[in-house]
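Residue numbers (this note's numbering), protein chains in the order written: chain P, 2 to 296; chain D, 159 to 500.
This report refers to the structure that appears directly beneath it.
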């Protein structure tokens with residue numbers, strides 16, 4: 002046990018770890034938002050609800066079908082992703098030609114419906130979700146205690162983020178995607194089915210949110226409003242990072258998580274607001290965001 | 159200024175617009191007078207406050223095309239300040255003179271006019287700050303920034319000592335207006351609220367139909383072209399943002415007096431969603447739409463309250479239906495049917 006700036010190392014690293022965990026979720030969610038925004042040109046307000054559905058889906062699978070965490074990690078993003086594809090086909094494609102405003106309102110309405118339905122059946126209290134057996138316990142690193150599950154969340158979300166970045170920036174499919182983001186009409190002229198790509202992109206972004214939900218289930222309680230408060234912070238993260246770059250979304254997510262964790266140590270009163278304050282400062286200094294391109 | 163030459167056709171259309179406005183306004187005032195005999199005064203006053211809130215919101219979304227997702231900030235904080243002034247009568251400002259000093263301005267407590275004034279002024283100041291930050295980005299970012307700023311102030315309201323945290327400011331006295339009218343009488347209070355809301359409504363109508371309002375609509379249609387015509391669009395956007403925030407603050411101040419309560423509900427983001435719903439349902443960019451939308455949504459929330467969380471679901475469904483097949487809203491559809499401007 003030692004102290005840094007008068008703060009016991011346990012507390013400092015403990016909050017840093019929590020910050021990294023939050024940062025993992027910020028990164029996964031803002032990544033999904035950025036990918037969806039790139040293709041569909043809408044800001045997906047349903048993202049928080051889809052994250053919540055991911056957590057609930059994992060909970061229900063375990064509760065009623067005995068399907069464990071590892072299987073849920075694969076099944077849930079697919080199930081919620083398919084639901085997302087349905088939403089895109091049924092609703093979102095009808096507003097793609099309209100003003101941004103309508104996509105925002107539509108997804109906001111969908112988020113209300115989903116949250117209302119879940120609150121109806123599960124109330125506002127949270128449901129517990131067990132940490133999978135293989136990841137229970139933790140290890141003592143000398144300067145702090147590291148729970149295995151939390152280490153796993155950070156490592157796995159980092160892996161997913163980097164894989165997504167690789168898929169979009171370095172593969173052929175990703176290059177189609179980027180091209181379609183720039184100029185959909187031209188890409189269609191090359192014989193690529195852009196509407197299908199848009200649909201699948203939405204499904205993929207939603208799947209990322211659901212995956213974050215599954216990973217969050219053992220850490221936070223599974224509750225209907227777990228998404229709606231988080232999504233507003235993620236919006237601020239997206240504004241800070243700028244939605245122009247995939248890597249930007251990932252880095253901003255993790256860094257802001259850490260900053261938030263540090264604020265909890267040094268100035269706890271401001272821990273809820275620090276990300277918003279950073280957003281204001283970034284807007285004053287660099288209106289386009291840290292990694293954004295000016296529109 | 160260049161002298162404006164008006165086409166006779168435009169003049170005629172303007173006269174028709176004026177005529178339909180006068181008729182619709184008279185109908186509205188008559189309805190408010192009649193309703194006071196039938197409905198609960200508190201329900202009516204609540205609906206009126208929200209009608210003003212929605213009209214202020216519509217000024218931004220309907221006429222400039224700016225989607226603010228954080229209007230609860232002005233509504234709620236104005237409510238807090240006016241409730242605080244009406245109840246405690248003192249305002250304290252933190253100042254930094256080497257150490258933190260609270261400078262207190264003692265005000266006569268229980269003066270409702272002053273309370274409303276202070277609340278409205280607070281909203282104006284918040285509007286200048288938030289607007290100055292938010293108009294630096296357009297479109298979707300604007301919505302996200304206003305939402306984030308409002309959420310930040312929500313956490314501030316949760317922690318700040320003067321808001322009373324989870325309890326809010328309760329048992330706010332309504333007091334006597336100008337030392338004469340006793341506002342604890344529901345009917346007197348109703349008349350007070352009605353007069354203020356109608357005056358604000360006419361003010362908004364005047365803004366929309368002024369040369370300033372024409373520039374706002376030009377920004378909505380094509381901001382780049384408006385800039386190329388030599389207008390400083392950022393300044394126009396900031397002014398209208400502050401106007402909208404101020405009027406939202408007026409609505410929030412009145413609501414705090416009506417319910418004798420200022421609470422966290424009014425600064426929460428769900429309130430920003432509610433006002434968006436009212437405006438959308440009534441008709442974006444229509445003068446009377448927000449009023450109709452506010453009455454519809456408030457009535458729905460009151461009557462459906464026993465169904466608990468289904469209210470949320472129903473609101474969501476209304477959003478989706480409005481966006482997918484009913485984008486003009488109630489008044490917008492009615493105006494299109496009657497071929498008039500409402």
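Ideal placement from N, C-alpha and C gives every residue a C-beta, glycine not left out.
Everything numeric in this text was worked out from a predicted model, so none of it was measured.
For residue 378 of chain D, there is no enclosing beta strand (DSSP E); the residue is part of the alpha helix (DSSP H) that begins and ends at 369-379. Distance between residue 12 of chain P and residue 266 of chain P, taken at the CA atoms: about 7 angstroms. Check the Cα spacing between residue 333 of chain D and each of D/201, D/409, D/186, D/244: the tightest is with D/244. Residue 307 of chain D has a beta carbon lying within less than 8 angstroms of a beta carbon in chain P. Taking every protein chain shown into account, the CB of residue 208 of chain D has 16 or more other CB atoms within 10 angstroms, so this residue is buried. Flagged as an interface residue toward chain D: residue 106 of chain P, by a C-beta distance shorter than 8 angstroms. Among the residues of chain D, those whose CB is under 8 angstroms from the CB of residue 114 of chain P are 470, 471, 474, 475, 478, following chain order.
Just so you know, the alpha carbons of residue 375 of chain D and residue 219 of chain D end up roughly 11 angstroms apart. Chain-order list of chain D residues neighbouring residue 117 of chain P: 467, 468, 470, 471, 474, by C-beta distance under 7 angstroms. Taking one beta carbon from each stretch, the region 193-213 of chain D and the region 418-436 of chain D have 3 or more pairs nearer than 8 angstroms; the two touch. Considering only beta carbons, the part of the region 429-440 of chain D lying closer than 8 angstroms to chain P consists of 431, 434, 438, in chain order. The Cβ-Cβ distance between residue 35 of chain P and residue 250 of chain P falls below 8 angstroms. Contact check for residue 26 of chain P against residue 217 of chain P passes: the beta carbons are separated by less than 8 angstroms. With respect to the 8 angstroms criterion, residue 405 of chain D and residue 357 of chain D are not classified as neighbours on the basis of their beta carbons.
Against chain D, the CB of residue 291 of chain P has no partner CB under 8 angstroms away; the residue lies outside that interface. Pairing residue 292 of chain D with residue 307 of chain D gives a Cβ-Cβ distance under 8 angstroms. Take residue 146 of chain P, set aside five residues on each side of it, and the residues of its chain with a beta-carbon closer than 7 angstroms to its own are 139, in chain order. The Cβ of residue 267 of chain P sits no closer than 8 angstroms to any Cβ of chain D. Interface residue (Cβ-Cβ distance to chain P less than 8 angstroms): residue 298 of chain D is classified as such.
Pairing residue 179 of chain D with residue 445 of chain D gives a Cβ-Cβ distance under 8 angstroms. For residue 140 of chain P, the enclosing beta strand (DSSP E) stretches over residues 139-141. Taken atom to atom, the span from the alpha-carbon of residue 103 of chain P to that of residue 463 of chain D is near 28 angstroms. At least one C-beta of chain P is nearer than 8 angstroms to the C-beta of residue 301 of chain D. Taking C-beta separations shorter than 6 angstroms and ignoring five residues to either side along the sequence, the partners of residue 215 of chain D in its chain run 229, 433, 437, following chain order. Short of 7 angstroms from the beta carbon of residue 237 of chain D, and not among the five residues preceding or following it, lie these beta carbons of its own chain, in chain order: 277, 410, 411, 413, 414, 420, 424. With fewer than 16 neighbouring CB atoms inside 10 Å of its own CB, residue 184 of chain D falls in the exposed class.
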